[in-house]
Amino acid sequence: MGPLVGVIEITCGALVLLGLLTRLAAFPLICVMFVAIVSTKIPILLGEGFWGFELRKLSEYGFWSMAHEARTDFAMLLGSAFLVLVGAGPRSIDHRLATLRGA
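Under the numbering used here, the first residue of the sequence shown carries the number 21, and numbering increases by one thereafter.
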């Protein structure tokens with residue numbers, strides 16, 4: 021699954037940076053981040069394996085340890101959710117294409 025996730029993150033990340041198909045590109049990123057949180061951070065929260073996902077060796081387990089490990093994942097998840105809801109900004113390719121269609 022690693023190569024698939026890599027292709028999704030690179031492709032959708034490039035589309036988001038360009039502002040092309042932003043809402044459509046942000047949705048797969050939400051799915052990838054959700055799976056990353058469930059597969060790697062929930063076992064840290066519980067302190068044991070979860071749905072067949074292994075628990076990695078850490079000095080501490082629990083909420084604070086999980087929150088510390090997941091801060092980047094949560095930021096990416098919420099940022100992608102924002103892009104799905106709001107869409108691209110005025111300097112994006114999406115906005116320029118919409119302006120050309122409306123004119």
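We treat Cβ as the ideally placed atom computed from N, Cα and C, and that holds for glycine.
Using DSSP with H/G/I as helix, E/B as strand and the rest coil, what is Leu120?
helix
Exposed unless 16 or more other CB atoms sit within 10 angstroms - verdict on Lys61
buried
Mapping DSSP to helix, strand and coil, what is Glu29?
helix
Where does Pro110 sit, in a helix, a strand or coil, going by DSSP?
coil
Could you please give the first and the last residue of the uninterrupted alpha helix (DSSP H) stretch that includes Ile64?
Ile62 to Leu66
Quick check on the burial criterion: 16 or more other C-beta atoms within 10 angstroms. Buried or exposed for Met21?
exposed
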